[in-house]
Every structure is written in C-alpha cells, then in structure tokens.
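Notes to accompany the following structure.
2 protein chains.
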Amino acid sequence: MHRVQVELGERSYPIDIGPALLQQTDLLLKHYPQVIIISNETVAPLYLEAASRLFANSQVLHFLLPDGEAYKTLEQFGHIQTFLLENRFARDGLLVALGGGVVGDITGFVAATYQRGVDFIQIPTTLLSQVDSSVGGKTAVNHPLGKNMIGAFKQPQQVLIDTDVLSSLPAKEFAAGMAEVVKYALIADPDFFDYLEQQAEAIERLEPTVLGEMIAHCCQMKADIVAADETEQGRRALLNLGHTFGHAIEAWLGYGSWLHGEAVAVGMVMAGQLAHSRGWLSAAELNRIQRLLTRFSLPVAKPEGMSIQDFLPYMKTDKKVRAGKMRFVLPTSFGYSEIIADVDEVELLSVFS
Amino acid sequence: MHRVQVELGERSYPIDIGPALLQQTDLLLKHYPQVIIISNETVAPLYLEAASRLFANSQVLHFLLPDGEAYKTLEQFGHIQTFLLENRFARDGLLVALGGGVVGDITGFVAATYQRGVDFIQIPTTLLSQVDSSVGGKTAVNHPLGKNMIGAFKQPQQVLIDTDVLSSLPAKEFAAGMAEVVKYALIADPDFFDYLEQQAEAIERLEPTVLGEMIAHCCQMKADIVAADETEQGRRALLNLGHTFGHAIEAWLGYGSWLHGEAVAVGMVMAGQLAHSRGWLSAAELNRIQRLLTRFSLPVAKPEGMSIQDFLPYMKTDKKVRAGKMRFVLPTSFGYSEIIADVDEVELLSVFS
Numbered sequence: 001m002h003r004v005q006v007e008l009g010e011r012s013y014p015i016d017i018g019p020a021l022l023q024q025t026d027l028l029l030k031h032y033p034q035v036i037i038i039s040n041e042t043v044a045p046l047y048l049e050a051a052s053r054l055f056a057n058s059q060v061l062h063f064l065l066p067d068g069e070a071y072k073t074l075e076q077f078g079h080i081q082t083f084l085l086e087n088r089f090a091r092d093g094l095l096v097a098l099g100g101g102v103v104g105d106i107t108g109f110v111a112a113t114y115q116r117g118v119d120f121i122q123i124p125t126t127l128l129s130q131v132d133s134s135v136g137g138k139t140a141v142n143h144p145l146g147k148n149m150i151g152a153f154k155q156p157q158q159v160l161i162d163t164d165v166l167s168s169l170p171a172k173e174f175a176a177g178m179a180e181v182v183k184y185a186l187i188a189d190p191d192f193f194d195y196l197e198q199q200a201e202a203i204e205r206l207e208p209t210v211l212g213e214m215i216a217h218c219c220q221m222k223a224d225i226v227a228a229d230e231t232e233q234g235r236r237a238l239l240n241l242g243h244t245f246g247h248a249i250e251a252w253l254g255y256g257s258w259l260h261g262e263a264v265a266v267g268m269v270m271a272g273q274l275a276h277s278r279g280w281l282s283a284a285e286l287n288r289i290q291r292l293l294t295r296f297s298l299p300v301a302k303p304e305g306m307s308i309q310d311f312l313p314y315m316k317t318d319k320k321v322r323a324g325k326m327r328f329v330l331p332t333s334f335g336y337s338e339i340i341a342d343v344d345e346v347e348l349l350s351v352f353s
Numbered sequence: 001m002h003r004v005q006v007e008l009g010e011r012s013y014p015i016d017i018g019p020a021l022l023q024q025t026d027l028l029l030k031h032y033p034q035v036i037i038i039s040n041e042t043v044a045p046l047y048l049e050a051a052s053r054l055f056a057n058s059q060v061l062h063f064l065l066p067d068g069e070a071y072k073t074l075e076q077f078g079h080i081q082t083f084l085l086e087n088r089f090a091r092d093g094l095l096v097a098l099g100g101g102v103v104g105d106i107t108g109f110v111a112a113t114y115q116r117g118v119d120f121i122q123i124p125t126t127l128l129s130q131v132d133s134s135v136g137g138k139t140a141v142n143h144p145l146g147k148n149m150i151g152a153f154k155q156p157q158q159v160l161i162d163t164d165v166l167s168s169l170p171a172k173e174f175a176a177g178m179a180e181v182v183k184y185a186l187i188a189d190p191d192f193f194d195y196l197e198q199q200a201e202a203i204e205r206l207e208p209t210v211l212g213e214m215i216a217h218c219c220q221m222k223a224d225i226v227a228a229d230e231t232e233q234g235r236r237a238l239l240n241l242g243h244t245f246g247h248a249i250e251a252w253l254g255y256g257s258w259l260h261g262e263a264v265a266v267g268m269v270m271a272g273q274l275a276h277s278r279g280w281l282s283a284a285e286l287n288r289i290q291r292l293l294t295r296f297s298l299p300v301a302k303p304e305g306m307s308i309q310d311f312l313p314y315m316k317t318d319k320k321v322r323a324g325k326m327r328f329v330l331p332t333s334f335g336y337s338e339i340i341a342d343v344d345e346v347e348l349l350s351v352f353s
C-alpha cells in the first residue's frame with residue numbers, strides 16, 4: 001500500500017492507495033454517528049455494499065445520482081441537500097463520495113455547503129478521479145455556460161483509492177484517466193513520461209504493482225502542487241494543462257458527449273501545437289506526445305466540425321481569465337509547462353485555422 | 001466615524017460605521033476592473049446610484065432580486081450565477097451586496113462559490129444586517145426544510161455601514177434590527193442592556209451619535225466572537241440566542257410572514273422563559289427583557305395557533321444538533337448566556353404547553 005500525505009496544516013489528510021482497500025476498515029481515521037454515501041446507478045451495484053461495510057458501526061444511508069457529467073448540476077446538488085435534510089443529517093455526520101469525478105465533485109460541493117460544511121471522504125472509482133479530481137479539494141457543479149463554474153475549495157478528511165475497482169472500469173474510461181496521467185508527465189516530469197512509454201503494456205493489462213506506483217506518483221505530484229498553492233493563486237493552475245481547450249470541447253459538444261479525459265487529451269495536443277509554433281517543442285516531441293496518447297486509445301484531434309472560432313467564447317469565460325485576458329498552460333520544453341498570458345486571438349487563429 | 005477590525009489573520013477586514021459613508025470613495029481598500037452590485041427592487045431606487053459612484057473607475061453592473069426572505073433561494077442563487085457568467089465576470093472582479101440580510105447572505109454565498117470564490121464587499125442597508133448578518137462571514141440560502149441550510153463561511157473584503165440609510169428603513173424593519181441589538185446585551189453585556197434602556201428614546205428618533213455608537217458596539221462584540229471562533233465550533237453559537245425558537249417560527253409561518261428579528265425577539269423571550277423555569281432568571285428580569293423588546297415595538301409571544309409541538313420538527317434539524325440532541329442558547333443569568341445541551345422534549349412541553 002502507498003500513503004501520500006496532502007500537507008495543508010490543520011486540513012492535512014492522507015491518500016491511501018492499493019488493492020482491496022474497500023475490505024480494510026482499519027484505515028478510517030474517525031467514527032461518525034451517521035454516514036451518507038453518495039454514488040451513482042452504475043457504481044452502486046458494484047461497490048455500495050462493500051463501501052457500506054466500512055462504516056459498520058454507523059447509521060449508513062445512500063443517495064444515488066444518475067450516471068454522467070450531465071447530472072453534475074445545481075439541480076442535482078439541490079436534490080442531495082433535500083435528501084440530507086429529510087434524513088436529518090447533522091453537522092457531525094460524514095458524507096462519502098463513491099464514484100468518479102462527477103460524484104466526487106458534487107458530493108464535495110454538498111459537503112462544503114450543507115449547513116456551511118460537513119466532513120467527507122473520497123472513494124474514487126475511476127482512474128481519472130483517482131489521479132486527479134479526488135485529490136486537492138476542488139469541488140463544483142457545472143453551469144450551462146461553463147464547466148465547474150459554481151463550487152468551492154473543500155478538502156476531504158481522507159481519500160481511499162482501491163486499485164482493484166479499475167478492473168470493472170470500461171476501457172474508454174480507463175483511457176480517459178490516462179490523459180490526466182500523461183498530463184503530470186508534461187507539466188513537470190519528463191522521466192515519468194519515459195516510464196509511461198516503457199510501462200504502457202503493463203498499464204493496459206492493469207498490472208497491480210505498476211498501477212499502484214503510477215497512481216501514487218500522480219497523487220504525490222498533485223499533493224505537492226496543492227500544498228504549495230491550495231486555492232490556485234499561481235502554480236496550481238499548471239494542472240489545467242489541456243483544460244482550456246478541453247473545457248471548450250466539452251461545452252461545445254454538450255457535457256457528456258466526450259469524456260473529460262478525451263477532451264483533455266486533445267487539449268494537450270493543441271497546447272503542444274501552440275508550443276511547437278512558438279518553437280518550444282520540436283516536431284518530434286509533439287509527435288511523441290501524440291503517439292503516447294494514441295497508444296492509450298485517446299483522441300488527438302478536435303471534434304469534426306469544431307472550428308477555432310467555436311473555442312473562443314468558452315475560453316473567454318475560463319476561470320484563468322484576468323483583466324479580460326486569456327491565460328494558457330503551455331509546455332515551454334518537453335516535460336515542463338508554464339502559465340502563458342500573451343496568447344491572443346490572432347495567434348490562435350493562425351495556428352489552428 | 002467608527003472602525004471595527006475583524007481579526008482573522010489573512011482574512012481580516014475593517015467595518016467602517018458612520019454617516020454619509022456612501023459619499024466617501026476613499027474608504028475602499030482595492031481597485032477592481034469589474035464590479036457587480038447585487039441589490040433588490042426596494043433598495044436600488046434609493047441607493048444604487050450612490051453605491052455605483054463609489055466604483056467610478058470600474059465597469060459597474062447590477063443585478064436586482066425581488067425584495068424579501070422568500071427569494072433567498074437556491075433558484076435565485078442560480079440566477080445570479082447565470083448573470084455573472086453572461087457578463088463574463090472574472091475571478092478578479094468584485095461583488096457588492098447592497099441591501100439587507102437576504103441580499104448580503106445570497107451575495108456572500110455567490111461570492112463563496114462563483115468560480116470557487118471571488119471578493120465581495122457588504123454595504124448593509126437595514127439595522128439587522130448592519131449589526132449582525134453583514135459581519136462574520138456566514139452566508140447562505142434557505143431550503144424549504146430549513147433556514148440557512150445551504151451556505152458557506154466567506155469573509156468579505158470590507159463592510160461599509162452608512163447609518164444615514166436607516167432613515168429610509170420602515171419602522172417595522174428598524175424594530176426587527178433592535179431585536180439583534182438586544183440579543184448582544186443578553187449574551188454577554190448587562191451594561192449594554194442598561195444603555196439601551198436609557199437611550200431608547202434617542203435610538204427611536206435615529207440620533208446619529210447614539211446610532212453609530214450602538215452599531216459599532218454590536219459589531220465589535222460580534223467581531224470579537226467571530227475572531228475567537230470563525231466556523232462556530234463553540235462560542236460563536238451564542239449568537240444564536242433566540243434563533244432556535246425563532247427559525248422554527250419563521251419556517252412554520254412560511255419565510256417572509258414575520259421578519260427575522262420579530263421571530264428572534266419571541267425566541268429570546270422563550271429562551272428567557274426556559275431560563276426562568278430553571279431558576280436562572282428572576283420574574284423581574286424576564287419582565288425587563290419583555291419590556292425592552294416591547295418598547296422597541298417587537299412581539300414577545302409566539303404566533304397565534306402555533307403550539308410547542310409545532311416547534312419540534314424544526315428544532316430537530318437545527319444546525320446546532322449534535323449526536324441527535326438539540327442544543328439551546330439560554331441566559332444563565334441576566335446578561336450572560338451559554339450553550340445548553342440537556343433540554344429535552346419533556347421540559348419544552350412542560351414549560352410551554
């Protein structure tokens with residue numbers, strides 16, 4: 001088992017990573033009289049029973065969302081709040097997010113706001129949420145005008161990552177998670193890029209040791225970045241590599257058409273293309289990125305029919321906008337990225353039209 | 001002018017209190033490129049123009065809510081978020097709450113959650129919000145099953161209290177504010193109770209010096225309590241004196257039938273009656289409380305037709321509930337209150353039936 005500690009003073013917490021964690025009740029740090037597990041209709045039949053058994057000495061209830069990004073809405077957020085109130089859930093209770101990024105983000109936002117804040121634990125069941133969204137305390141719901149536009153920073157009490165659950169994950173979703181894994185390599189770790197190339201085959205057949213190592217490495221990188229910049233005043237924005245383009249793709253297609261990771265994969269390629277046109281990445285390096293993403297069955301070209309003009313409205317409401325100016329995370333060399341503020345419409349049109 | 005500093009480390013901020021503050025542009029601590037003022041249809045015709053002039057060098061937009069507690073909802077919260085997104089409001093913008101508690105609470109909750117948090121300033125225009133809700137960072141919307149059930153702790157960047165605006169406040173609303181003023185005297189300051197009795201006449205005719213003194217004293221008391229216990233783990237719950245009964249009254253009647261302060265006035269009398277039955281307040285002291293509230297035109301008896309049984313369901317979902325037990329704030333002697341955990345249904349029925 002790996003343990004990664006997120007260092008945030010009195011809001012510090014451990015991330016435990018390994019096989020069969022859902023069978024290990026001794027990992028829980030605190031007892032709660034009442035526990036409400038939020039999950040979805042796909043994950044619950046597989047893991048709700050095991051997750052409930054973790055809290056054998058508490059009253060355990062559950063609330064199930066429909067499956068999919070389309071349900072990460074203010075409306076579903078309201079439904080969960082109603083369920084909690086109907087069941088007289090009190091401030092000393094615990095919420096548990098059992099599922100992927102959607103369940104984790106909406107549960108975290110409920111935990112941040114129900115009676116102005118209650119404890120919660122993340123049990124991420126997709127690769128994407130294990131390496132990214134369950135760590136770091138960003139919570140949110142989507143708005144028709146933008147992804148994750150309404151939310152809060154709310155750290156969980158702990159994160160339990162059972163790598164066994166990945167065996168039930170559809171191949172397409174596993175691939176989507178790999179996009180975020182590759183992202184870490186491009187932000188600040190060219191050695192990790194080499195590792196992913198070398199271990200691609202072991203990763204694909206879900207070799208437990210490699211999975212645990214890879215996920216723990218991503219969590220450690222994210223924990224370090226979050227500890228240095230919890231509320232994204234600076235360096236944390238690097239984690240948005242590929243996301244400015246990616247969010248635009250998701251929003252333009254309608255949330256749920258493409259998986260988030262698929263959109264991020266294309267976003268990273270587009271960021272790479274911008275970097276290449278500035279001379280920061282060679283053609284060979286750009287090619288290497290595209291090849292690894294393709295190796296993990298990810299798309300590398302924007303959706304049919306979506307022009308660069310279609311990206312602009314979404315980019316202008318991006319959360320990184322300051323004083324009306326767009327900001328992008330771009331690779332400035334292979335395996336290193338920075339926040340770049342001087343990309344304008346003219347450059348975007350010239351690179352992508 | 002009085003200045004009260006709320007001491008919360010890097011989230012510290014000043015509250016400025018005095019006449020004609022809406023004419024004083026030099027009080028603002030920071031410039032913002034875009035400012036969106038949230039107000040309501042009653043306050044805007046009176047003060048929106050003056051408030052806008054404070055931000056002469058920024059782009060200023062406004063969003064108006066209908067007036068009243070009935071609009072402190074998740075739905076209106078969503079409408080404001082939509083307005084911000086439509087106007088490409090960015091993280092470096094400023095929200096301004098211009099109005100009473102409803103406007104302040106909902107604006108604060110939007111500020112806490114729009115793109116996971118933006119700056120905001122409170123300009124409270126009712127006595128109640130000046131002495132209570134604008135200070136301390138509690139933000140929320142109501143849920144049909146309970147008041148303030150969805151919200152966050154979010155401190156403003158500053159609070160501007162212009163005492164002149166009280167001249168346009170309806171007498172009934174001024175009275176409601178006085179309930180919270182009296183509350184401070186009952187929590188921890190018997191001398192302030194004497195002061196209020198002595199100055200009742202000056203207060204009623206809105207004598208500027210007395211108003212400024214009284215409001216600054218309340219803000220200072222609240223600032224001290226909040227600084228010691230920002231997220232209500234302990235002592236801050238004292239500010240809920242009268243609120244457990246009061247919230248039940250508001251919810252049972254339907255939000256907006258009685259003013260919040262009116263319900264709190266009755267709630268304080270009921271808390272006083274409980275304390276009297278326990279021997280903590282003499283009949284004369286209970287009488288003195290009722291007399292001062294009546295002097296300020298406040299109700300002192302629960303609504304016609306509402307039995308003590310009607311209170312119970314609301315009390316059981318109160319945010320102070322721990323391990324299934326209700327907790328009340330009660331005066332333990334004249335001018336001093338504590339959090340009491342051993343009040344049960346039997347006692348409530350015997351005192352109030």
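Residue numbers (the UniProt record's numbering), protein chains in the order written: chain A, 1 to 353; chain B, 1 to 353.
Quick reminder that beta carbons are idealized off the backbone N, C-alpha and C, glycines included.
Subject >> CA-to-CA distance, A/Gln59 to A/Ser282, given in whole angstroms >> reply: Position 282 of the first sequence, counted from the first residue, corresponds to residue 282 of chain A. Position 59 of the first sequence, counted from the first residue, corresponds to residue 59 of chain A. Going by the C-alpha atoms only, they are around 58 Å apart.
**OP:** Between the Cα of A/Phe77 and those of B/Ala248, B/Arg205, B/Met149, spot the shortest distance and give me the residue it belongs to.
**Re:** Here residue 77 of chain A is taken as the residue at index 77 of the first sequence, counted from 1. If we check each option's Cα against that of A/Phe77, B/Met149 comes out closest.
Original post:
Using the C-alpha atoms, what's the distance from A/Thr73 back to A/Leu349?
Top reply: For this step, residue 349 of chain A is matched to residue 349 along the first sequence. For this step, residue 73 of chain A is matched to residue 73 along the first sequence. The straight-line gap from Cα to Cα measures roughly 33 Å.
Subject >> Short-range partners of chain B found in the region 116–132 of chain A, where Cβ spacing is below 9 Å >> reply: Arg116, Gly117
**OP:** Identify which residue in B/Arg91, B/Gly9, B/Glu10, B/Val6 has its Cα closest to the Cα of B/Ile36.
**Re:** Indexing the second sequence from 1 puts residue 36 of chain B at position 36. For the residues B/Arg91, B/Gly9, B/Glu10, B/Val6, the minimum Cα distance to B/Ile36 belongs to B/Arg91.
**OP:** May I ask which residues mark the beginning and end of the alpha helix (DSSP H) holding B/Glu201?
**Re:** The count along the second sequence starts at 1 and reaches residue 201 of chain B at position 201. B/Glu201 -> alpha helix (DSSP H) spans 190–204.
Original post:
What span of residues does the alpha helix (DSSP H) with A/Ala301 cover, start to end?
Top reply: Taking the first sequence and counting its residues from 1, the one referred to as residue 301 of chain A is at position 301. First-last for A/Ala301: undefined, no H or E at that position.
**OP:** Would you check if there are 3 or more beta carbon pairs closer than 8 Å linking the region 314–322 of chain A to the region 244–255 of chain A?
**Re:** yes
**OP:** Could you tell me whether the Cβ of A/Ala200 comes closer than 8 Å to any Cβ of chain B?
**Re:** Residue numbering aside, residue 200 of chain A sits at position 200 when the first sequence is read from its first letter. No, A/Ala200 lies away from the interface with chain B (no Cβ there is under 8 Å from its Cβ).
Subject >> Any non-hydrogen atom of the ligand GDP closer than 7 Å to B/Val141 Cβ >> reply: With respect to the ligand GDP, the structure offers nothing, as it holds no ligand at all.
Subject >> Amino acids of chain A, ordered along the chain, whose beta-carbon sits closer than 9 Å to that of B/His143 >> reply: The residue labelled residue 143 of chain B in the question sits at position 143 within the second sequence. Chain A residues near B/His143: Gly78, Gln81, Thr82, Leu85.
Original post:
Would the beta-carbon of B/Tyr13 fall within 8 Å of that of B/Leu94?
Top reply: Residue 13 of chain B sits at position 13 when you count from the first residue of the second sequence. Residue 94 of chain B sits at position 94 when you count from the first residue of the second sequence. Cβ distance not < 8 Å, so B/Tyr13 and B/Leu94 don't count as in contact.
Original post:
Nearest chain B C-beta to A/Gly254 closer than 8 Å, yes or no?
Top reply: Here residue 254 of chain A corresponds to residue number 254 of the first sequence, with the count starting at 1. Judged by the 8 Å Cβ criterion, A/Gly254 is not in contact with chain B.
Original post:
Taking Cβ-Cβ distances below 9 Å as the criterion, which residues of the region 220–243 of chain B are in contact with chain A?
Top reply: Thr231, Glu232
Subject >> Cβ shell of A/Leu64 (< 7 Å), same chain only, five flanking positions each side left out >> reply: Counted from its first residue, the first sequence places residue 64 of chain A at position 64. Only Ser39, Asn40, Glu41, Ala44 meet the Cβ criterion.
Original post:
So is B/Asp92 in contact with chain A if we call contact Cβ pairs under 8 Å?
Top reply: Here residue 92 of chain B corresponds to residue number 92 of the second sequence, with the count starting at 1. Interface residue, yes.
Original post:
Would you say the region 208–225 of chain B touches the region 14–31 of chain B, given that touching needs at least three Cβ pairs under 8 Å?
Top reply: yes
Original post:
Going by C-alpha distance, which of B/Ala223, B/Glu69, B/Ala152 is nearest B/Gln130?
Top reply: Working through the second sequence from its first residue, we reach residue 130 of chain B at position 130. Among B/Ala223, B/Glu69, B/Ala152, the Cα nearest to that of B/Gln130 belongs to B/Ala223.
Original post:
How would you list, in chain order, the residues of chain B whose beta-carbon sits under 8 Å from the beta-carbon of A/Arg322?
Top reply: Along the first sequence, read from residue 1 onward, the residue named residue 322 of chain A stands at position 322. Ordered by position in chain B, the residues that pass the 8 Å Cβ test against A/Arg322 are Ala90, Arg91, Asp92.
Original post:
Can you list, in chain order, the residues of its chain whose CB lies under 7 Å from that of A/Gly256, leaving out five sequence neighbours each side?
Top reply: Taking the first residue of the first sequence as position 1, residue 256 of chain A is located at position 256. If we look at A/Gly256 and ignore the five residues flanking it on each side, its Cβ neighbours are Gly68, Glu69, Ala70.
Subject >> 8 Å Cβ cutoff met for A/Phe153 and A/Leu166 >> reply: As a working mapping, residue 153 of chain A is identified with position 153 in the first sequence. As a working mapping, residue 166 of chain A is identified with position 166 in the first sequence. Cβ atoms of A/Phe153 and A/Leu166: not closer than 8 Å.
**OP:** Verify the CB distance criterion: does A/Gly146 have a CB-CB separation below 8 Å to chain B?
**Re:** Position 146 of the first sequence, counted from the first residue, corresponds to residue 146 of chain A. With 8 Å as the cut-off, A/Gly146 counts as an interface residue toward chain B.
**OP:** Mark residue 363 of chain A as exposed unless 16 or more other C-beta atoms lie within 10 angstroms of its C-beta, in which case mark it buried.
**Re:** The structure shown does not extend to residue 363 of chain A, since chain A is modelled only from 1 to 353, so the question has no answer here.
**OP:** Write down every uninterrupted run of the beta strand (DSSP E) in the UniProt domain "3-dehydroquinate synthase N-terminal" (63–175) of chain A whose length is 3 residues or greater and which is fully enclosed by it, in chain order.
**Re:** 94–99, 119–124, 138–143, 146–153, 158–162
Subject >> Interface positions of the region 151–181 of chain B facing chain A (Cβ-Cβ less than 8 Å), listed along the chain >> reply: Gly151, Ala152, Phe153
**OP:** Can you give me the Cβ contacts of B/Phe109 inside the same chain, cut-off strictly under 8 Å, excluding the 5 residues immediately before and after it?
**Re:** On the second sequence, residue 109 of chain B is found 109 positions in, with the first residue counted as 1. So the qualifying residues of the chain are Phe77, Thr139, Ala140, Val141, Ile150, Gly151, Ala152, Lys154.
Original post:
Are B/Val351 and B/Ser277 close, meaning C-beta to C-beta below 8 Å?
Top reply: As a working mapping, residue 351 of chain B is identified with position 351 in the second sequence. As a working mapping, residue 277 of chain B is identified with position 277 in the second sequence. Against a cut-off of 8 Å, the Cβ pair of B/Ser277 and B/Val351 comes out as a contact.
Subject >> Straight-line Cα distance separating A/Gln199 from A/Met270 >> reply: Locating residue 270 of chain A in the first sequence gives position 270, where the first residue counts as 1. Locating residue 199 of chain A in the first sequence gives position 199, where the first residue counts as 1. Taking the straight line joining both Cα atoms gives about 25 Å.
Subject >> Through-space distance from A/Glu338 to A/Val103, alpha-carbon basis >> reply: In the first sequence, residue 103 of chain A corresponds to position 103, counting from 1. In the first sequence, residue 338 of chain A corresponds to position 338, counting from 1. If you take the alpha carbons of A/Val103 and A/Glu338, they lie about 30 Å apart.
**OP:** Grab the span of the alpha helix (DSSP H) containing B/Glu213 for me, first residue to last.
**Re:** Against the second sequence, residue 213 of chain B aligns to sequence position 213. Unbroken alpha helix (DSSP H) run through B/Glu213: 208–228.
Subject >> Cβ-Cβ distance between A/Gly272 and A/Pro190 below 8 Å >> reply: Along the first sequence, one-based indexing puts residue 272 of chain A at 272. Along the first sequence, one-based indexing puts residue 190 of chain A at 190. No, the pair does not count as a contact, with Cβ atoms beyond the cut-off.
**OP:** Could you name the residues of the region 52–80 of chain A whose beta carbon sits closer than 7 Å to any beta carbon of chain B, in the order they occur along the chain?
**Re:** Leu74, Gly78
**OP:** Leaving aside the five residues before and after B/His143 along the sequence, list all residues of the same chain whose C-beta is less than 7 Å from its C-beta, in chain order.
**Re:** As a working note, residue 143 of chain B is residue 143 in the second sequence. Hits under 7 Å: Met149, Ile150.
Original post:
What residues match up with residue 406 of chain B in a beta bridge as DSSP calls it?
Top reply: With chain B covering 1 to 353 only, the question about residue 406 of chain B has no answer from this structure.
Original post:
With distances taken between CB atoms, is the gap from A/Arg264 to A/His243 smaller than 8 Å?
Top reply: Numbered from its first residue, the first sequence carries residue 264 of chain A at position 264. Numbered from its first residue, the first sequence carries residue 243 of chain A at position 243. One detail in the question is off: residue 264 of chain A reads as Val in this sequence, not Arg. For A/Val264 and A/His243, yes; Cβs fall inside 8 Å.
Original post:
So with Cβ pairs under 8 Å, would you call A/Pro33 a contact of chain B?
Top reply: On the first sequence, residue 33 of chain A is found 33 positions in, with the first residue counted as 1. Cβ-Cβ to chain B under 8 Å: yes for A/Pro33.
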